[in-house]
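S.K.: Let me begin by handing over the structure; questions about it come next.
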Amino acid sequence: MRYLPKSPVERQDMLAAIGAKSIDELFESIPERYRLREALKLPGPLSETEVIEFFKARAAENSGGYTSFLGAGVYSHLRSVITDAIIQRGEFLTSYTPYQAEITQGTLQAIFEFQTLMCQLTGQEVANASMYDGSTATTEAVLMAERLTGRQRVLVARSVHPEYRDVLKTYAKNSGLHVEEIPYAADGTLDQKALQAALKDDVAAVVVQSPNFFGVIEPVAGLSNTAHTTGALLVVAVAEGVSLGIVKAPAEADIVAMEAQSFGLAPSYGGPFAGVVASRDKFVRQMPGRLAGQTTDSEGQRGFVLTLATREQHIRREKATSNICTNQALCALAATVHLTLLGKEGLREMAHQNLSKAQFALSELVKIPGVRRAFDAPFFNEFTIELPRSVKLVNAYMLREKIIGPFVLGTAYPELTKHALVCVTETTSRAEIERFAAALRRALEQPL
Amino acid sequence: MNSKIKKAGTHTNQSEGLIFEKSSPGKRAFELPPLDVPAADPAKALGASHRSEGVEGFPEVSEIEVMRHFTRLSTWNYAIDLGMYPLGSCTMKYNPRVNEFVARLDGIATEHPYQPQELSQGCLKILQLLEKCLLEITGMDSVTLQPAAGAQGELTGLLLIRAYHEKNGNPRRKVLIPDSAHGTNPATAVIAGYEVENIKSESHGQIDVEKLRDLVTEDVAALMITNPSTLGIFEERIPEITEILHAKGALLYMDGANMNALTGVTRPGDLGVDVMHLNLHKTFSTPHGGGGPGAGPVAMKKILEPFRPVPILVEKEGGRLALDQMRPDSIGRVKAFSGNFGVLVRALAYILAYGPGVRQATEDAVLNANYIRKHLEGVFDLPYSLPSMHEVVFSDAIQKKNGVNTMDIAKRLIDYGFHPYTTAFPLIVPGALMIEPTESESREECDLFIDAMRSIAEEAATNPELVKTAPHTTRVRRLDEVGAARKPILRWKPESPRSKAAD
Amino acid sequence: MAYPANYRYTKEHEWVDVKGDVATIGITDYAQHELGDVVFAELPKVGAKIESGKTFGTVESVKAVSDIYAPASGEVVEANEVLHNTPETINTDPHGAGWLIKIRLANPAEISGLMDMAAYEAYIASQSKEASA
Numbered sequence: 053m054r055y056l057p058k059s060p061v062e063r064q065d066m067l068a069a070i071g072a073k074s075i076d077e078l079f080e081s082i083p084e085r086y087r088l089r090e091a092l093k094l095p096g097p098l099s100e101t102e103v104i105e106f107f108k109a110r111a112a113e114n115s116g117g118y119t120s121f122l123g124a125g126v127y128s129h130l131r132s133v134i135t136d137a138i139i140q141r142g143e144f145l146t147s148y149t150p151y152q153a154e155i156t157q158g159t160l161q162a163i164f165e166f167q168t169l170m171c172q173l174t175g176q177e178v179a180n181a182s183m184y185d186g187s188t189a190t191t192e193a194v195l196m197a198e199r200l201t202g203r204q205r206v207l208v209a210r211s212v213h214p215e216y217r218d219v220l221k222t223y224a225k226n227s228g229l230h231v232e233e234i235p236y237a238a239d240g241t242l243d244q245k246a247l248q249a250a251l252k253d254d255v256a257a258v259v260v261q262s263p264n265f266f267g268v269i270e271p272v273a274g275l276s277n278t279a280h281t282t283g284a285l286l287v288v289a290v291a292e293g294v295s296l297g298i299v300k301a302p303a304e305a306d307i308v309a310m311e312a313q314s315f316g317l318a319p320s321y322g323g324p325f326a327g328v329v330a331s332r333d334k335f336v337r338q339m340p341g342r343l344a345g346q347t348t349d350s351e352g353q354r355g356f357v358l359t360l361a362t363r364e365q366h367i368r369r370e371k372a373t374s375n376i377c378t379n380q381a382l383c384a385l386a387a388t389v390h391l392t393l394l395g396k397e398g399l400r401e402m403a404h405q406n407l408s409k410a411q412f413a414l415s416e417l418v419k420i421p422g423v424r425r426a427f428d429a430p431f432f433n434e435f436t437i438e439l440p441r442s443v444k445l446v447n448a449y450m451l452r453e454k455i456i457g458p459f460v461l462g463t464a465y466p467e468l469t470k471h472a473l474v475c476v477t478e479t480t481s482r483a484e485i486e487r488f489a490a491a492l493r494r495a496l497e498q499p500l
Numbered sequence: 384m385n386s387k388i389k390k391a392g393t394h395t396n397q398s399e400g401l402i403f404e405k406s407s408p409g410k411r412a413f414e415l416p417p418l419d420v421p422a423a424d425p426a427k428a429l430g431a432s433h434r435s436e437g438v439e440g441f442p443e444v445s446e447i448e449v450m451r452h453f454t455r456l457s458t459w460n461y462a463i464d465l466g467m468y469p470l471g472s473c474t475m476k477y478n479p480r481v482n483e484f485v486a487r488l489d490g491i492a493t494e495h496p497y498q499p500q501e502l503s504q505g506c507l508k509i510l511q512l513l514e515k516c517l518l519e520i521t522g523m524d525s526v527t528l529q530p531a532a533g534a535q536g537e538l539t540g541l542l543l544i545r546a547y548h549e550k551n552g553n554p555r556r557k558v559l560i561p562d563s564a565h566g567t568n569p570a571t572a573v574i575a576g577y578e579v580e581n582i583k584s585e586s587h588g589q590i591d592v593e594k595l596r597d598l599v600t601e602d603v604a605a606l607m608i609t610n611p612s613t614l615g616i617f618e619e620r621i622p623e624i625t626e627i628l629h630a631k632g633a634l635l636y637m638d639g640a641n642m643n644a645l646t647g648v649t650r651p652g653d654l655g656v657d658v659m660h661l662n663l664h665k666t667f668s669t670p671h672g673g674g675g676p677g678a679g680p681v682a683m684k685k686i687l688e689p690f691r692p693v694p695i696l697v698e699k700e701g702g703r704l705a706l707d708q709m710r711p712d713s714i715g716r717v718k719a720f721s722g723n724f725g726v727l728v729r730a731l732a733y734i735l736a737y738g739p740g741v742r743q744a745t746e747d748a749v750l751n752a753n754y755i756r757k758h759l760e761g762v763f764d765l766p767y768s769l770p771s772m773h774e775v776v777f778s779d780a781i782q783k784k785n786g787v788n789t790m791d792i793a794k795r796l797i798d799y800g801f802h803p804y805t806t807a808f809p810l811i812v813p814g815a816l817m818i819e820p821t822e823s824e825s826r827e828e829c830d831l832f833i834d835a836m837r838s839i840a841e842e843a844a845t846n847p848e849l850v851k852t853a854p855h856t857t858r859v860r861r862l863d864e865v866g867a868a869r870k871p872i873l874r875w876k877p878e879s880p881r882s883k884a885a886d
Numbered sequence: 727m728a729y730p731a732n733y734r735y736t737k738e739h740e741w742v743d744v745k746g747d748v749a750t751i752g753i754t755d756y757a758q759h760e761l762g763d764v765v766f767a768e769l770p771k772v773g774a775k776i777e778s779g780k781t782f783g784t785v786e787s788v789k790a791v792s793d794i795y796a797p798a799s800g801e802v803v804e805a806n807e808v809l810h811n812t813p814e815t816i817n818t819d820p821h822g823a824g825w826l827i828k829i830r831l832a833n834p835a836e837i838s839g840l841m842d843m844a845a846y847e848a849y850i851a852s853q854s855k856e857a858s859a
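The listed protein sequences correspond, in order, to chains A, B and C.
Every position in the first sequence, counted from 1, becomes a number in the working numbering once 52 is added.
Every position in the second sequence, counted from 1, becomes a number in the working numbering once 383 is added.
Every position in the third sequence, counted from 1, becomes a number in the working numbering once 726 is added.
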């Protein structure tokens, strides 16, 4: 086998050195009757060429040749080839968590830069080295708010990503948290009256997403003031990070939970991505996950180490702030490289292109008879339209025209079966938008 | 330079500051194609209160600077691609590059989790085949690929156990965890709403079965074991352990972190394990990437199947695959979308490359660990003498007499061209040296490691100061961790007074 | 470092200095030595009630966390602000400036159940012996 660096003779020599007659002798601590006598029934072995052929064949069974208008938490953005070239360097790719600082300074400094970029983006003071994704980052942010306030009620906007809410409910079920959902108002933002009514002094956190699942931007500063009137913390989830190139950072939030997928990470059928928790300096002791910090070595040179580790499971065990160990380090590195490549101007321009294309797409779509914009609040690169008929049927028609239609909001919001969440990014061309509008027009003209 | 340091030589590496320190307004490393629709007016589209002028402090650099910056940083890392990385419990094995290649294919990396399932059959077939392979390897009945890492797999497993007990009328109160366990085990149990009761290991480092018999009541939901244990020793009495638990209705959870010792040789399902997680970034070679991403699939027996996280992969008529959300007893979701799909792709590529031959990898891993044990026994103290599987745990008891501890030896190993082993774990071995060579090391590399360890032991006796002040050849010397924790600096800040005031 | 004769001590290595109905509580030199360089102390707020034998805070080094157990019950009247910026005071002056909290004793009689200097010194001597055995 090509991955194994031993010849049969070497194996025999090593066994002899150990004093074992056969390899089976080394497995004698496993009771005889449990030892497998036959080889596992696995496909393979495959040569490298065959492995590639296998996956190319699977890739061909997917969505090649289609144009997509899906976003809903996973976004298609331009990615430089530089990012993959760097993260595939063996020194990054095949290195472990940087516990031995002297020989992992590369990873540690990159994490420090990632933390800095995330602070700059979110308007927060401290950011961690990554969580699994936006959904678990949001959950961890809520658990952090619970520890900080000692309270157990959580008010979550229904306009937070449905799967983020699902994950929160799974984790909350057994940690004593009571999760209540707050409806959305007619303009698509959180219903402030409903929030006021539910907000009591037993609320740990108010959780919103901005831009929210309908694509609209929440009034973060105002919500922060409201939450603080009863001592609750405001948790803001950001699923589309590119928005921060042009939309004001959620600096008034107490904790920001961000999905970094938009920063150079491929959609990859849902993962791996990278979540981030960012917050205030004063809350750092309750942060989940790893943190890299700057320090000096015994000769006074600058260097970096993992720090404040007493929060973590390998030291605090059952009293840890989170059970996370393995995180999404390489994805965070990709985001670091990607954002460094874009820089201030590149990110702003990318965000502006998204905004412009979404504005253009909306203006094209509402020209179609029966199509109207559903929510009036400002949006970034996603918006909700209401159609005169079921989105599912419309999407089925559009597949015939090699278009993957917008997200069907009815799958998560039963009251919105005729509502579609349209996403366009800088990767969507004007021609594709126009083709989509034409296809939608034809779809709506089809006899039912 | 010590003539015994054969594996490594010194070489110059480049100095490099933080990227923010290289920034100068107007430099660019990435250009977008021109906008092909009318430019939106941000003030009009977003309104004044939502609009931002761009992110303050973001770096502005050129492409060559980005390339050099990260390449220089990379040269400050040790990596499996450079040499042996014997971190016990971490299974730092070779990460085949073909796995990276296939995970990045158009049609794999490009796919959106919400695209129609009829246009995702390739992705779903990958998931289905991986599920089948993992079931064959573990001997279990059912599996979920959703958890993002081992710790999330543990949580999923415990939530399955909880849901099962709840369905039977009582979620129970306690989870038993041996004192040799990974820290994630107790941390996870708490999130799942359980109290943790620790079990002391018996004198050979195994689970104290007699004590277990006393502790297991109808209030115990599960025992979480690691097998082989973190001492690298197979829990020989596991059939008995299973019996004790099952007699009281409790379940057996197995932390599969050490599955690299068992794959193709025995199956947890046959041993009576009810539920377990696998670390695909350990046993199945997906790269650690400086700390992640991983994947932590959970395999289980039939009794837990109804509680699996949604969505569930199902095969419909005609072989069409679909994701099914409708499971009334499901514990819910533990993560958005379909798990760390890209990691699952890499793991399947690894399994396909080996096929049934994966047993050879297990045998070589155990061979390497025992070979190293044989050559270092006596030079280092071996606190538990039961047979080793894929890793061996020594202690620094002999070197401690000269004031040299496990961390010092680990740091000195860096000078010899190796990554250190795992230090100070498992907790039941004071001053532990936990060595896991994996199957990826040649005899030659193992010999170099043995020579290095013997040489360091000699230095510890004759020149302890040399060991205590190691490493001597790295870019930075030992770092001030105390200072880092007392006055944490967790981000870069600009130095100009204006920006300082703005902060 | 000498153990003050007027203090009382616990098996968990806390010391108590009683003046009237107010008790100052800290960790002993032995404890700070075992823990190593202290990087952080988490203390209760003024007004918090603490209960004898229960944990009321933690003292952390880089790689360890130590729970601090209340030697007596009472209400916190002061927490040592100095430790916020210079937690190392616990290492440099554990029995003095490195004190943790002051409490108003709920039941002053609890103090008499604690060890005096001689008993504590004997206790730590036996502990060290055990550790080196």
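For every residue, glycine included, the Cβ atom is placed at its ideal position computed from N, Cα and C.
These numbers come from a predicted model, not from an experiment.
If you measure from the beta carbon of Val764 of chain C to each beta carbon in chain A, is any gap under 8 Å?
M.R.: As a first step, residue 764 of chain C is located in the third sequence; it is residue number 38 there, counting from the start. Chain A contact via Cβ: absent.
S.K.: Give the range of the beta strand (DSSP E) segment to which Thr784 of chain C is assigned.
M.R.: Numbered from 1 along the third sequence, position 58 holds the residue referred to as residue 784 of chain C. Looking at the DSSP string, the run of the beta strand (DSSP E) that includes Thr784 of chain C is Thr781 to Glu786.
S.K.: Mind checking the region 358-375 of chain A against chain C and listing, in chain order, the residues whose C-beta falls within less than 7 Å of any C-beta there?
M.R.: Flagged, chain order: Ala361, Thr362, Ile367 and Arg368.
S.K.: Please report the distance separating the alpha-carbon of Tyr849 of chain C from that of Tyr729 of chain C.
M.R.: Within the third sequence, numbered from 1, the residue matching residue 849 of chain C stands at position 123. Within the third sequence, numbered from 1, the residue matching residue 729 of chain C stands at position 3. If I take the Cα positions, the gap works out to 12 Å.
S.K.: Within the continuous alpha helix (DSSP H) that includes Asp834 of chain B, where are the two ends?
M.R.: Position 451 of the second sequence, counting from 1, holds the residue named residue 834 of chain B. Segment Arg826 to Thr845, the alpha helix (DSSP H) holding Asp834 of chain B.
S.K.: Could you tell me the alpha carbon to alpha carbon distance between Thr646 of chain B and Phe79 of chain A, rounded to whole angstroms?
M.R.: Position 263 of the second sequence, counting from 1, holds the residue named residue 646 of chain B. Position 27 of the first sequence, counting from 1, holds the residue named residue 79 of chain A. Spanning the two alpha carbons is a distance of roughly 12 Å.
S.K.: Taking Gln511 of chain B and Leu696 of chain B to be in contact with their CB atoms under 8 Å, please state how far apart those CB atoms are, rounded to whole angstroms.
M.R.: Locating residue 511 of chain B in the second sequence gives position 128, counting from the first residue. Locating residue 696 of chain B in the second sequence gives position 313, counting from the first residue. Going by Cβ atoms, the distance from Gln511 of chain B to Leu696 of chain B rounds to 6 Å, so yes, they are a contact pair.
S.K.: Strictly below 8 Å CB to CB, what residues from chain E border Ile456 of chain A?
M.R.: Protein chains in the displayed structure are A, B and C, and chain E is not among them.
S.K.: What are the start and end residues of each continuous alpha helix (DSSP H) run of 4 or more residues lying completely inside the region 333-371 of chain A, in chain order?
M.R.: For the region 333-371 of chain A, whole alpha helix (DSSP H) runs of length 4 or above, ordered along the chain, are 365-368.
S.K.: Does the region 172-185 of chain A come close enough to the region 324-334 of chain A that 3 or more CB-CB pairs lie under 8 Å?
M.R.: A contact exists between the region 324-334 of chain A and the region 172-185 of chain A.
S.K.: With 16 other CB atoms within 10 Å as the buried threshold, where does Pro416 of chain B fall?
M.R.: Mapped onto the second sequence, residue 416 of chain B falls at position 33. Per the 10 Å Cβ criterion, exposed.
S.K.: Counting along the chain, where does the alpha helix (DSSP H) carrying Asn581 of chain B start and finish?
M.R.: Along the second sequence, one-based indexing puts residue 581 of chain B at 198. Segment Glu578 to Ile582 is the beta strand (DSSP E) holding Asn581 of chain B; no alpha helix (DSSP H) there.
S.K.: Looking at the strands, I want to know which residues DSSP matches up with Ala472 of chain A.
M.R.: Counting from one through the first sequence, the residue named residue 472 of chain A turns up at place 420. For Ala472 of chain A, which the question treats as bridged, DSSP gives the partners A:Ile437 and A:Val460.
S.K.: Quick one: what does DSSP say Tyr19 of chain A is sitting in, helix, strand or coil?
M.R.: What is shown of chain A runs 53 to 500, which leaves residue 19 of chain A out entirely.
S.K.: Shorter than 8 Å from the beta carbon of Arg487 of chain B to some beta carbon of chain C?
M.R.: Here residue 487 of chain B refers to the residue found at position 104 when the second sequence is read from its first residue. Chain C, which has no Cβ nearer than 8 Å to the Cβ of Arg487 of chain B, makes this no.
S.K.: Work out the CA separation of Asn375 of chain A and Val194 of chain A for me, nearest whole Å.
M.R.: Here residue 194 of chain A corresponds to residue number 142 of the first sequence, with the count starting at 1. Here residue 375 of chain A corresponds to residue number 323 of the first sequence, with the count starting at 1. Going by the C-alpha atoms only, they are around 15 Å apart.
S.K.: Ignore the nearest five residues each way along the sequence and tell me which others in Glu438 of chain A's own chain have a CB closer than 7 Å to its CB.
M.R.: Counted from its first residue, the first sequence places residue 438 of chain A at position 386. The answer, listed in chain order, is Arg424, Ala426, Lys470 and His471.
S.K.: Measure the alpha-carbon distance for Ala273 of chain A versus Val775 of chain B and round it to whole angstroms.
M.R.: The residue labelled residue 273 of chain A in the question sits at position 221 within the first sequence. The residue labelled residue 775 of chain B in the question sits at position 392 within the second sequence. Computed Cα separation, rounded: 56 Å.
S.K.: Quick one, which residues of the region 601-619 of chain B are near chain A if we go by CB-CB under 8 Å, in chain order?
M.R.: Here the close residues are Ile616, Phe617 and Glu619.
S.K.: Would you check if there are 3 or more beta carbon pairs closer than 8 Å linking the region 510-528 of chain B to the region 121-135 of chain A?
M.R.: These segments do not touch.
S.K.: Could you give the DSSP three-state label for Asp464 of chain B: helix, strand or coil?
M.R.: Position 81 of the second sequence, counted from the first residue, corresponds to residue 464 of chain B. Asp464 of chain B: coil per DSSP, three-state reduction.
S.K.: CB-CB under 6 Å to Ala730 of chain B, same chain, minus the five flanking residues each way: which ones, in chain order?
M.R.: Within the second sequence, the letter at position 347 stands for residue 730 of chain B. Result list for Ala730 of chain B: Leu663, Phe667 and Thr669, in chain order.
S.K.: Do the region 840-851 of chain B and the region 777-786 of chain B touch if we need at least three Cβ pairs shorter than 8 Å?
M.R.: With the cut-off at 8 Å, the region 840-851 of chain B and the region 777-786 of chain B touch.
S.K.: Going by DSSP, what residue range makes up the alpha helix (DSSP H) through Thr571 of chain B?
M.R.: Taking the second sequence and counting its residues from 1, the one referred to as residue 571 of chain B is at position 188. Here the alpha helix (DSSP H) through Thr571 of chain B covers Thr567 to Ile574.
S.K.: Could you tell me whether the Cβ atoms of Leu727 of chain B and Gln161 of chain A are closer together than 8 Å?
M.R.: Position 344 of the second sequence holds residue 727 of chain B. Position 109 of the first sequence holds residue 161 of chain A. Not a contact, by the Cβ cut-off of 8 Å.
S.K.: Tell me, to the nearest whole angstrom, how far the beta carbon of Ser713 of chain B is from that of Arg742 of chain B; I am working on the premise that it is less than 8 Å.
M.R.: Mapped onto the second sequence, residue 713 of chain B falls at position 330. Mapped onto the second sequence, residue 742 of chain B falls at position 359. Contact doesn't hold; Cβ gap of about 35 Å is too wide.
S.K.: Give the straight-line distance between the Cα atoms of Glu501 of chain B and Ala91 of chain A, rounded to the nearest whole angstrom.
M.R.: Here residue 501 of chain B corresponds to residue number 118 of the second sequence, with the count starting at 1. Here residue 91 of chain A corresponds to residue number 39 of the first sequence, with the count starting at 1. Glu501 of chain B and Ala91 of chain A: Cα-Cα distance of roughly 35 Å.
S.K.: Would you mind reading off the limits of the alpha helix (DSSP H) that contains Pro214 of chain A?
M.R.: As a working note, residue 214 of chain A is residue 162 in the first sequence. Its alpha helix (DSSP H) spans residues Pro214 to Ala224.
S.K.: Give me the chain B residues within the contact set of Lys419 of chain A, using Cβ-Cβ distance strictly less than 7 Å, ordered along the chain.
M.R.: Your numbering for residue 419 of chain A matches position 367 in the first sequence. None at all; the shortest Cβ gap to chain B is about 14 Å.
S.K.: Could you check where the beta strand (DSSP E) with Lys557 of chain B kicks off and where it finishes?
M.R.: Stepping through the second sequence from its first residue, residue 557 of chain B is reached at position 174. Lys557 to Pro561 is the span of the beta strand (DSSP E), which, as asked, contains Lys557 of chain B.
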